[in-house]
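Colleague:
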Amino acid sequence: MNAHIEIPPETPEMIHFPIEGMTCASCVGRVEKALSAVTGVVSASVNLATERAEVSVSNPSVWPELIRAVEATGYSVPGKTIELAVEGMTCASCVGRVERALQSVHGVTSATVNLASEQATVEGTAEVSALLAALAKTGYTARDVARDIAEDDAKTARKDAEQALLKRDLGLAAAFALPVFVLEMGSHIIPGMHSLIGSTIGHEASWLLQFALTSFVLAVPGLRFYTKGMPALLRGAPDMNSLVAVGTLAAYLFSVVATFVPGVLPEGTVNVYYEAAAVIVTLILLGRYLEARAKGRTSEAIKRLVGLQAKTARVRRDGSIVEIPVAEVTPGDIVEARPGDRLPVDGDVVEGESYVDESMITGEPVPVAKTAGSEVVGGTVNQHGALAFRATAVGGDTMLSQIIRMVEAAQGAKLPIQALVDRVTMWFVPAVMTLAALTFGVWLIWGPDPALTFGLVNAVAVLIIACPCAMGLATPTSIMVGTGRGAEMGVLFRKGEALQLLKETRVVALDKTGTLTEGKPSLTDFVLADGFDRVEVLAHMAAVEARSEHPIARAIVEAAEAERLERLPVENFASVTGYGVEATVGGSRIHIGADRFMRKLGLDTAFFYRLAERLGDEGKTPLYTAIDGKLAAIIAVADPIKASTPEAIGALHDLGLKVAMITGDNARTAKAIARRLGIDEVVSEVLPDGKVHAVKRLKAMGRLAYVGDGINDAPALAEADVGLAIGTGTDVAIEAADVVLMSGSLKGIPNAIALSHSTIRNIRPNLFWAFAYNTALIPVAAGVLYPVFGVLLSPVFAAGAMALSSVFVLGNALRLKRFIAPMMGETSPSHPPSASVAAPAE
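Structural data, given as structure tokens:
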């Protein structure tokens, strides 16, 4: 398990920040437009579901302008509290300098520094990176402590408060709207109700009571629609709040006129629609409340990941064990873990033996053996034994923290399919208001008596039915739930758009060593040319290969170590990319590599030709050694195929995909492995840049996903339509990939592709309910069915239908939480102590 994942720096720089107050897709479009207009902004993307903005800027100093742009559109960027551990302070003057440096950063509202605890507390909207850069300029180093936990707690508290307020307002609105609904609609529905009201309180008193109750509903629980909707309308940028505000105010004000000055209305039009205004507000609040609850469930994956972070750690300090907050653990500390403990940070085991449950990282359920020298990951659970480990990554540098950031980034991404949604929603609300005005005009001019009443009711119905809440949620909610479910399975989407691209994949190309195979080769054959001594040749080879990081090199070194051969001094070592290695050992020039390296050196390998053929047919990799320009030996190295590989390739074929293998191995070895695994296409004997050319050629067969784990795979991962990195591979490969498979198992590939199919399938009905459903009902709300069928859509039912579309979209997205991967779980090569068989971990 590679316990360190680096997020590559973006050029230009990316700034992420939350935005409060957005309610629909048109809000998103306006904020994006405002942010894009700021000088220095390269691109801006806003996500309604996560309520976050991702802005690419050429100069980070535009941060204050970004906040002003958001606020100018009627929304806000909430402040946050950042805790920094500051190193290097020695006196009160240091404190003053640090405080001044922090306060000079744009977005900081206050900064206080404590010399005793060596911590700074910063309030405001400033980015952590800007604060750290400001301190670095003054000569101090700092790190962000407990950022993920603090931000998540603050966000959770805001969401809980918002949900509680919605619940209260919904209760008030329902309590006051119900009598209005009974008084007005009861007269039309319940026989005798109209006469009963007339003979008891009287119709005039009934209208006054409805006026009082509706006024309360609009002024207290419904006030949010007017304080946000009317300013947006006045700015010429109406949103869904504007539609609700205009619709309910039109019904309410018409009813007020009918109640208090009925003489100004044409004969036959004196009616009240208090119940429409009150019930519309109530139903939309109901939709908002259900939406808030469902939104909370879409981010449960992130909450669970954050919940995996330990709060305290037991650390050896001055000869004793002390329990400290996890934020105070520093690299190099020796941390102790008892059975059942959740490991607080990443580290290397120095004492003890145990089994650790790493399912939260890899998705694999079987615990992994840990002994001295093993890497452990913060957030995983120690099972049976006691461990002591040296902390290597703390705070935001731990694998868990970086996984959380990866998932958050993917959840905030926009799929290509969202681009059409964004273009439509920018014009949707103004178009709806225009249609409502046309509806009113058509009914007023050509409608039957009372034309004014018909025009008003149908115009209000058009305004309410078309609220675009669901449009902004259709795609991002599915992405949130889908990427969260992927993280639970050990499949990390570093880029959200990979969800859509994977679904369109037709070819999966795989690297061989470390991807299809274990990446732990062993020396199987050693045949000498005449006149050479085995011990001398192996010692010289091991001396050279000790300088190389390649898995095959490690196999040669381990073979020499097993025979206790002396390590010889090496000079002038060089790696010849794609060919092999060379160096001077004890005055002799040594070359080790494939047959093409020998040919490049002008050496004839015909003597070993038949042997090389046989070794290749057995799936082994033949390598040659030359000493002082003479062919000295041929060796063979075999890298066992991962137990999960055959089944994973079968699953890819079941999905209708072609499978290709791209390797630097000789053609005979590559074809032998391909035959054993049922691989469709083989590209062999390629240099690292040849992998890129191979990827380009294979892309002609359809959209291509490339899977690799090594440094030499990074260019091919970047060139592929979707790059998938094995999480146990190198950081360089992970940085170049779109998707990271946290376990070494290839079963993550069909799992990721199946999840992609399910997510895109989930988005389609969401888009239908967000667009087709609401749009199709606009003509019904406008009254097109009335001339033929005598059917009109009440504004009350329009409000219910609008709320239903949002609730359906969220409910449908949440179905992805129940996604079952086609290849969940595998027999792990590690077994807990109770197992009867023990084998080395993969």
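First residue of the sequence shown: 219, per the numbering used here; consecutive thereafter. The C-beta atom is built at its ideal place from N, Cα and C for all residues, glycine as well.
If residue 838 and residue 931 are in contact, beta carbons under 8 Å, what's the gap, nearest whole angstrom?
Modeller: The count along the sequence shown starts at 1 and reaches residue 838 at position 620. The count along the sequence shown starts at 1 and reaches residue 931 at position 713. That belief does not hold up - the Cβ atoms of residue 838 and residue 931 are roughly 22 Å apart, past 8 Å.
Colleague: Could you check if residue 902 belongs to the surroundings of the ligand FMN, using beta carbon to heavy atom distance under 6 Å?
Modeller: Looking for the ligand FMN in the displayed structure turns up nothing, as the structure carries no ligands at all.
Colleague: Need the endpoints of the alpha helix (DSSP H) that residue 433 sits in, please.
Modeller: On the sequence shown, position 215 is the one that residue 433 refers to. Start and end: 421-437.
Colleague: Residue 317 and residue 329: beta carbons closer than 7 Å?
Modeller: Your numbering for residue 317 matches position 99 in the sequence shown. Your numbering for residue 329 matches position 111 in the sequence shown. Yes, Cβ-Cβ distance for residue 317 and residue 329 is below 7 Å.
Colleague: Buried or exposed: where does residue 480 fall if 16 or more other Cβ atoms within 10 Å of its Cβ makes it buried?
Modeller: Position 262 of the sequence shown, counted from the first residue, corresponds to residue 480. Its Cβ having fewer than 16 others within 10 Å, residue 480 is exposed.
Colleague: Closer than 6 Å by C-beta to residue 763: which residues in its own chain qualify, once you throw out the five before and the five after it? Chain order, please.
Modeller: Residue numbering aside, residue 763 sits at position 545 when the sequence shown is read from its first letter. So the list reads 771, 774, 775, once near-sequence residues are dropped.
Colleague: Throw me the rounded Cβ distance for the residue 503 and residue 391 pair, which I believe falls under 8 Å.
Modeller: Here the question's residue 503 lines up with position 285 in the sequence shown. Here the question's residue 391 lines up with position 173 in the sequence shown. Yes, residue 503 and residue 391 are in contact; Cβ-Cβ is about 5 Å, under 8 Å.
Colleague: For residue 276 versus residue 261, is the C-beta spacing smaller than 7 Å?
Modeller: Locating residue 276 in the sequence shown gives position 58, counting from the first residue. Locating residue 261 in the sequence shown gives position 43, counting from the first residue. The answer is no: Cβ separation not under 7 Å.
Colleague: Hey, out of 454, 656, 538, whose CA is closest to residue 674's CA?
Modeller: Along the sequence shown, read from residue 1 onward, the residue named residue 674 stands at position 456. With distances taken between Cα atoms, residue 674 lies closest to 656.
Colleague: Whole alpha helix (DSSP H) runs in the region 245-328 with 4 or more residues, listed along the chain?
Modeller: Complete alpha helix (DSSP H) runs here, min 4: 281-290, 310-321.
Colleague: Select from 338, 447, 489, 436 the residue whose C-alpha is nearest the C-alpha of residue 421.
Modeller: The sequence position of residue 421 within the sequence shown is 203, counting from 1. Among 338, 447, 489, 436, the Cα nearest to that of residue 421 is on 489.
Colleague: Check the DSSP bridge columns for residue 809 and list the partner residues they point to.
Modeller: Counted from its first residue, the sequence shown places residue 809 at position 591. Answer by DSSP bridge pairing, in chain order: 800, 844.
Colleague: Decide yes or no for the touch test of the region 668-682 against the region 452-469: beta carbon pairs closer than 8 Å, at least 3 of them.
Modeller: Cβ pair count under 8 Å is three or more, so yes.
Colleague: Under a three-way DSSP split, which group does residue 955 fall into?
Modeller: As a first step, residue 955 must be located in the sequence shown, where it is residue number 737. Reduced to three states, the DSSP call for residue 955 is coil.
Colleague: In the DSSP output, which residue or residues are listed as bridge partners for residue 876?
Modeller: For the purposes of this step, residue 876 is identified with residue 658 of the sequence shown, where counting begins at 1. Note: residue 876 sits in a beta bridge opposite 725.
Colleague: If you run the structure through DSSP and keep just helix, strand and coil, what is residue 232?
Modeller: Position 14 of the sequence shown, counting from 1, holds the residue named residue 232. Residue state, collapsed to three classes: strand.
Colleague: Give me, in chain order, the residues of the same chain whose beta-carbon lies closer than 7 Å to that of residue 230; leave out the 5 immediate sequence neighbours on both sides.
Modeller: By 1-based counting over the sequence shown, the position of residue 230 is 12. Here the set comprises 260, 274, 275, 276.
Colleague: Using the three-state DSSP reduction, which class does residue 1063 fall into: helix, strand or coil?
Modeller: This structure cannot speak to residue 1063, because the chain is shown only from 219 to 1060.
Colleague: How would you write the range of the alpha helix (DSSP H) that residue 924 sits in, first residue to last?
Modeller: The residue you call residue 924 lines up with position 706 of the sequence shown. No alpha helix (DSSP H) contains residue 924, which is instead part of the beta strand (DSSP E) from 922-926.
Colleague: For residue 359, which residues does DSSP report across the bridge?
Modeller: Reading the sequence shown from its first residue, position 141 is the one you call residue 359. Residue 359 pairs with 305.
Colleague: Checking 7 Å against the spacing of the C-beta atoms, do residue 352 and residue 319 come in under that value?
Modeller: Within the sequence shown, the letter at position 134 stands for residue 352. Within the sequence shown, the letter at position 101 stands for residue 319. Yes.
Colleague: Roughly how many angstroms lie between the CA atoms of residue 337 and residue 944, to the nearest whole one?
Modeller: Indexing the sequence shown from 1 puts residue 337 at position 119. Indexing the sequence shown from 1 puts residue 944 at position 726. When rounded, the distance between both Cα atoms is 38 Å.
Colleague: Under 7 Å between the Cβ atoms of residue 243 and residue 690?
Modeller: Locating residue 243 in the sequence shown gives position 25, counting from the first residue. Locating residue 690 in the sequence shown gives position 472, counting from the first residue. Yes. Within cutoff.
Colleague: How many angstroms separate the CA atom of residue 378 from the CA atom of residue 647?
Modeller: Along the sequence shown, one-based indexing puts residue 378 at 160. Along the sequence shown, one-based indexing puts residue 647 at 429. Residue 378 and residue 647: Cα-Cα distance of roughly 29 Å.
Colleague: Taking the alpha-carbon of residue 564 as reference, which of 535, 614, 832, 894 has the nearest alpha-carbon?
Modeller: Sequence index remark: in the sequence shown, residue 564 carries index 346 (1-based). With distances taken between Cα atoms, residue 564 lies closest to 614.
Colleague: Output the residue ranges of the beta strand (DSSP E) runs that lie fully inside the region 760-800 and measure 3 residues or longer, sorted by chain position.
Modeller: Fully enclosed beta strand (DSSP E) runs of 3 or longer: 788-794.
Colleague: Residues in the same chain with beta-carbon distance under 7 Å from residue 598, minus the five sequence neighbours each way, listed in chain order, please.
Modeller: Looking up residue 598 in the sequence shown gives position 380. Result list for residue 598: 561, 574, 575, 576, 578, 579, in chain order.
Colleague: Output the boundary residues of the beta strand (DSSP E) element that contains residue 605.
Modeller: Here residue 605 refers to the residue found at position 387 when the sequence shown is read from its first residue. Residue 605 -> beta strand (DSSP E) spans 605-611.
Colleague: Using CA atoms only, rank isn't needed, just tell me which of 506, 429, 805, 682 is closest to residue 462.
Modeller: By one-based count along the sequence shown, residue 462 stands at place 244. With distances taken between Cα atoms, residue 462 lies closest to 682.
Colleague: I need the straight-line Cα distance from residue 890 to residue 914, nearest angstrom please.
Modeller: For the purposes of this step, residue 890 is taken as the residue at position 672 of the sequence shown. For the purposes of this step, residue 914 is taken as the residue at position 696 of the sequence shown. Approximately 24 Å, taken between the alpha carbons.
Colleague: Hey, residue 924 and residue 908: beta-carbon distance below 7 Å or not?
Modeller: What you label residue 924 is simply residue 706 of the sequence shown in a count that begins at 1. What you label residue 908 is simply residue 690 of the sequence shown in a count that begins at 1. Taking 7 Å as the Cβ cut-off, residue 924 and residue 908 do not qualify as a contacting pair.
Colleague: What do you reckon, are the CB atoms on residue 238 and residue 294 nearer than 7 Å?
Modeller: By one-based count along the sequence shown, residue 238 stands at place 20. By one-based count along the sequence shown, residue 294 stands at place 76. A contact, by the Cβ cut-off of 7 Å.
Colleague: Roughly how many angstroms lie between the CA atoms of residue 264 and residue 246, to the nearest whole one?
Modeller: As a working mapping, residue 264 is identified with position 46 in the sequence shown. As a working mapping, residue 246 is identified with position 28 in the sequence shown. Looking at the two C-alpha atoms, the distance is approximately 6 Å.
Colleague: Whole angstroms is fine: what's the gap from residue 805's alpha carbon to residue 844's?
Modeller: Along the sequence shown, read from residue 1 onward, the residue named residue 805 stands at position 587. Along the sequence shown, read from residue 1 onward, the residue named residue 844 stands at position 626. Taking the straight line from one Cα to the other gives about 14 Å.
Colleague: If you run the structure through DSSP and keep just helix, strand and coil, what is residue 366?
Modeller: Taking the first residue of the sequence shown as position 1, residue 366 is located at position 148. The predicted model places residue 366 with a pLDDT of 47, which falls under 50 and marks its position as unreliable, so this point remains unresolved.
Colleague: Under 7 Å between the Cβ atoms of residue 331 and residue 342?
Modeller: Along the sequence shown, one-based indexing puts residue 331 at 113. Along the sequence shown, one-based indexing puts residue 342 at 124. No, these two residues do not count as a Cβ contact at 7 Å.
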